[in-house]
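This report refers to the structure that appears directly beneath it.
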Amino acid sequence: MHRNVKNFMKPLIVMVFSIALFSVFWLNNISSSAANTNTSVELNATNTWQSGGDTFLQVDGTITNNSNTSVDNWKATAPLASSGTVNSSWNMNYDLDDGILTITGVEHNKSIPAGTSVTFGMILMNPGDFDTSKVEIIIPGSPSNPEDPTDPVEPTDPEDPEDPEDPVLPVDPGNPTAKPVPDPTTDDWLFTDGNKIVDKDGKEVWLTGVNWFGYNTGTNLFDGVWGCNLNTTIQDIADRGFNLLRIPFSAELILQWKSGEYPKANYNDFVNPYLDGMNSLEIFDYVVGQCRANGIKIMIDIHSAETDAAGHFAPLWYTDKISEADYLASLSWIADRYKNDDTIIAYDLKNEPHGAVGDTVKAIWNDSDNPNNWKAVAEKAAYAVLSENPDALVLVEGIQIYPKNINSNRNFTSMNKDDYYNSWWGGNLRGVKDFPVNLGQYQNKLVYSPHDYGPAVSAQPWFEKDFTMQSLYEDCWRDNWMFIHDDNIAPLLIGEWGGFMVSPNLKWMTCFRNYIIKNKLHHTFWCFNANSGDTGGLVLHDFTTWDEEKYDFVKEALWQKDGKFVGLDHQIPLGANGITLSDY
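Under our numbering, the very last position in the sequence shown is 594; numbers go up by exactly one each time.
As structure tokens, this is what we get:
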């Protein structure tokens with residue numbers, strides 16, 4: 011899984027653990043505790059669906075450390091039927107051996123500070139029926155469940171409609187809820203003018219969108235379509251005023267499509283029967299059509315080289331499996347495929363290039379021809395897109411560290427942390443001052459795209475004092491990326507920002523949202539998904555119920571006029587509550 015973990019300095023304190031409790035018609039939620047550790051585990055099976063003859067189960071949970079000391083290197087085990095496999099997971103490592111599923115934390119969450127919780131989750135395929143009495147949480151140095159856990163309560167007969175404890179099965183959706191899809195157009199392409207983004211007539215626009223991941227994780231579709239109706243969810247996103255959808259992809263999936271391979275898309279075919287018979291590329295074409303019909307524009311984000319829920323941890327755009335040439339080919343192919351459809355209006359060339367001082371592999375930014383020089387590769391990647399579609403916008407993110415003295419440390423060789431400015435993954439664009447991205451004839455297609463997060467993701471130095479919007483600007487935003495806007499170099503689009511609505515994170519979110527509004531910065535909120543372990547999402551884990559408090563918070567930073575949301579299409583209004591760009 012996911013999520014996009016920004017935490018490269020201190021362990022993340024929030025993430026999901028889930029083990030499934032499944033039978034044909036019901037899901038049973040249980041809690042158990044490891045004896046003598048004051049550590050509890052709450053296990054929840056939250057959703058199940060059928061697809062292509064297979065049964066899928068989403069499972070979520072929480073491990074809470076109620077002690078006054080840190081819990082390190084926790085482990086959980088559960089029996090899994092011989093037919094069962096882990097289809098995808100997030101914020102966890104796992105091993106399946108002889109019918110026993112062993113789950114451990116990843117680097118950022120294997121330690122649980124006193125009084126905090128971690129969460130993670132998975133999607134199981136054909137899990138059978140778990141023996142829930144044998145679920146264990148194991149803490150090194152403590153006895154593991156020496157007493158028998160409480161037997162789970164038997165579910166009531168699911169066929170008894172009078173029993174209030176019976177689960178309610180989903181109603182057959184019947185006919186698809188799709189909107190009629192208009193033909194593609196080519197009159198909505200965007201351009202840059204100083205620090206602004208404008209349409210073909212020079213009218214300034216404001217891109218205010220949201221992220222929805224899954225095409226990078228192995229779902230080969232948006233995560234959550236295992237529970238929600240794809241059509242109505244896209245409509246909801248439009249109706250609620252998001253005019254841009256940033257879609258994270260792996261380069262690997264695009265390359266598979268390019269070669270005629272179509273990995274299976276995982277979705278609930280009871281809720282989305284209209285997707286049956288389509289391969290994963292055809293389903294994406296369907297997504298593009300439904301976004302067009304609802305007035306939503308799309309930004310493709312190369313989130314990782316390889317298809318993997320944790321693929322974004324790889325610091326660069328290439329791996330042992332995916333070469334730089336492969337990465338560039340993926341961009342060229344998808345740009346060429348959609349060059350005559352302005353629904354896909356932009357390409358985020360690579361999510362969060364990063365690497366810290368001392369890392370063997372890390373992204374750098376200079377004027378060299380080193381293979382890890384992101385500035386040089388970003389120019390190649392931009393050309394890979396623009397040579398196929400010269401009308402698209404291209405977004406270049408930052409890196410993680412940048413030398414304080416670029417003249418004496420030009421190749422980032424110093425091993426002294428004090429010689430660098432450190433920031434968020436993808437959030438350090440200081441190199442633009444010394445080595446700006448040069449796209450030649452395509453310079454009016456360049457947008458810089460930093461990411462920024464709050465203290466719930468990592469306890470950065472600028473959060474140590476009683477921070478304010480002004481202190482954050484002075485200590486972080488100005489020199490890392492805001493100078494690009496202030497000096498009228500290029501537009502900024504904040505590709506990711508978001509988090510949990512809790513203190514002190516909410517204070518940062520409020521400062522950042524208000525700063526976005528004050529400066530009319532383009533942005534895509536992280537994220538729609540519920541299964542983002544370090545931020546949460548705009549919807550709950552059923553992927554249909556909106557977190558209204560968080561939505562109302564973000565709504566203030568969406569483009570509106572006279573109570574109507576403003577879209578980026580000249581002909582098609584944004585959802586049921588919006589207007590076209592021509593009507594603005």
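All residues carry an ideal CB built from backbone N, CA and C; glycine is no exception.
Item: Quick check on the DSSP output: what are the complete beta strand (DSSP E) runs of length 3 or more inside the region 266-313, in order along the chain?; Value: none
Item: Determine contact between the region 399-417 and the region 343-362, defined as no fewer than three beta-carbon pairs at a distance below 8 Å.; Value: yes
Item: Any idea if Thr196 is buried or exposed, counting beta-carbon neighbours within 10 angstroms, 16 or more meaning buried?; Value: exposed
Item: Do you know whose CA, among Asp401, Lys372, Gly368 and Trp327, lies nearest Ile354's CA?; Value: Asp401
Item: My parser needs the beta strand (DSSP E) runs of 3 or more residues fully inside the region 516-594; what are they?; Value: 532-535 and 574-576
Item: For the putative contact between Ala88 and Val51, defined by C-beta atoms under 8 Å, what is the C-beta separation to the nearest angstrom?; Value: Contact flag wrong, Cβ pair sits at about 10 Å.
Item: Using only the alpha-carbon positions, how far apart do Asn524 and Ala567 sit?; Value: 8 Å
Item: In the DSSP assignment, find the beta strand (DSSP E) that holds Phe201 and state where it starts and stops.; Value: Phe201 to Asp203
Item: Quick one: what does DSSP say Ile29 is sitting in, helix, strand or coil?; Value: Bear in mind that a pLDDT of 30 at Ile29, under 50, signals an unreliable position, so the model cannot answer this.
Item: Counting C-beta neighbours from all protein chains within 10 Å, is the total for Gln451 16 or more, i.e. buried, or is it exposed?; Value: exposed
Item: Among the residues of its own chain, which have a CB less than 7 Å from the CB of Ile264, if the five just before and after it don't count?; Value: Ser340, Trp343 and Ile344
Item: When burial is assigned at 16 or more other CB atoms within 10 Å of the CB, is Met425 buried or exposed?; Value: exposed
Item: What's the gap between the Cα of Tyr337 and the Cα of Asn380?; Value: 16 Å
Item: Output the residue ranges of the beta strand (DSSP E) runs that lie fully inside the region 388-470 and measure 3 residues or longer, sorted by chain position.; Value: 403-406, 411-413, 430-432 and 456-458
Item: With distances taken from CA atoms, which of Ile374, Pro137, Val297 and Lys331 is nearest Thr423?; Value: Ile374
Item: The alpha helix (DSSP H) that contains Asn103, what's its start and end?; Value: Not the alpha helix (DSSP H): Asn103 falls in the beta strand (DSSP E), residues Asn103 to Asp107.
Item: Closest by CA to Ala91, which one among Asn103, Ala540, His322 and Thr65?; Value: Thr65
Item: If contact is defined by three or more beta carbon pairs under 8 Å, each pair taking one atom from either stretch, is the region 573-588 in contact with the region 231-238?; Value: no
Item: Can you give the Cα-Cα distance for Tyr594 and Phe522, rounded to whole angstroms?; Value: 26 Å
Item: Count the other CB atoms, across all protein chains shown, that sit within 10 Å of the CB of Arg488; report buried if there are 16 or more and exposed otherwise.; Value: exposed
Item: With respect to the alpha helix (DSSP H) encompassing Gly332, which residues constitute its N-terminal and C-terminal limits?; Value: According to the sequence displayed, residue 332 carries Ile and not Gly. Element bounds for Ile332: n/a, residue is neither H nor E.
Item: Residue ranges of each beta strand (DSSP E) run of no fewer than 3 residues wholly in the region 345-379, ordered along the chain?; Value: 354-358
Item: Given that a residue counts as buried once 16 or more other Cβ atoms are within 10 Å of its Cβ, and exposed if not, what is Ala124?; Value: exposed
Item: Would you kindly report the start and end of the unbroken beta strand (DSSP E) that includes Phe130?; Value: Unbroken run through Phe130: none, as it is neither H nor E.
Item: Can you tell which of Asn54, Ile416 and Glu506 has the C-alpha that lies nearest to the C-alpha of Val69?; Value: Asn54
Item: Looking at Phe8: is its Cβ nearer than 9 Å to the Cβ of Met519?; Value: Missing from the structure shown is residue 8; the chain here goes from 11 to 594 and no further.
Item: Could you pull out every residue in the same chain whose Cβ sits closer than 8 Å to the Cβ of Gly109, ignoring the five residues on either side in sequence?; Value: Pro89, Leu90, Ala91 and Ser92
Item: What residue does the beta strand (DSSP E) around Ser77 start on, and which one ends it?; Value: Ser77 -> no beta strand (DSSP E), and no H or E assigned at all.
Item: Taking the beta carbon of Lys427 as the centre, do at least 16 other beta carbons fall within 10 Å, making it buried, or is it exposed?; Value: exposed
Item: Between which two residues does the beta strand (DSSP E) carrying Phe221 extend?; Value: It should be pointed out that residue 221 corresponds to Asn in this sequence rather than to Phe. Segment Thr218 to Asn221, the beta strand (DSSP E) holding Asn221.
Item: Among Lys210, Ser314, Tyr463 and Gly585, whose alpha-carbon lies nearest the alpha-carbon of Gly509?; Value: Tyr463
Item: Let me make sure I understand the geometry here. Which of Ala86, Asp193, Asp246 and Lys189 has the alpha-carbon closest to that of Val549?; Value: Asp246
Item: Looking only at C-alpha atoms, which of Asp141, Asp82, Ala188 and Asn276 sits nearest to Ile148?; Value: Asp82
Item: So, helix, strand or coil for Phe259, using DSSP?; Value: strand
Item: Could you check which residue in Thr243, Ile113 and Lys443 has the C-alpha nearest to that of Thr554?; Value: Thr243
Item: Since I believe Val512 is in contact with Ala466 (beta carbons under 8 Å), could you give me their beta-carbon distance rounded to a whole number of angstroms?; Value: 7 Å
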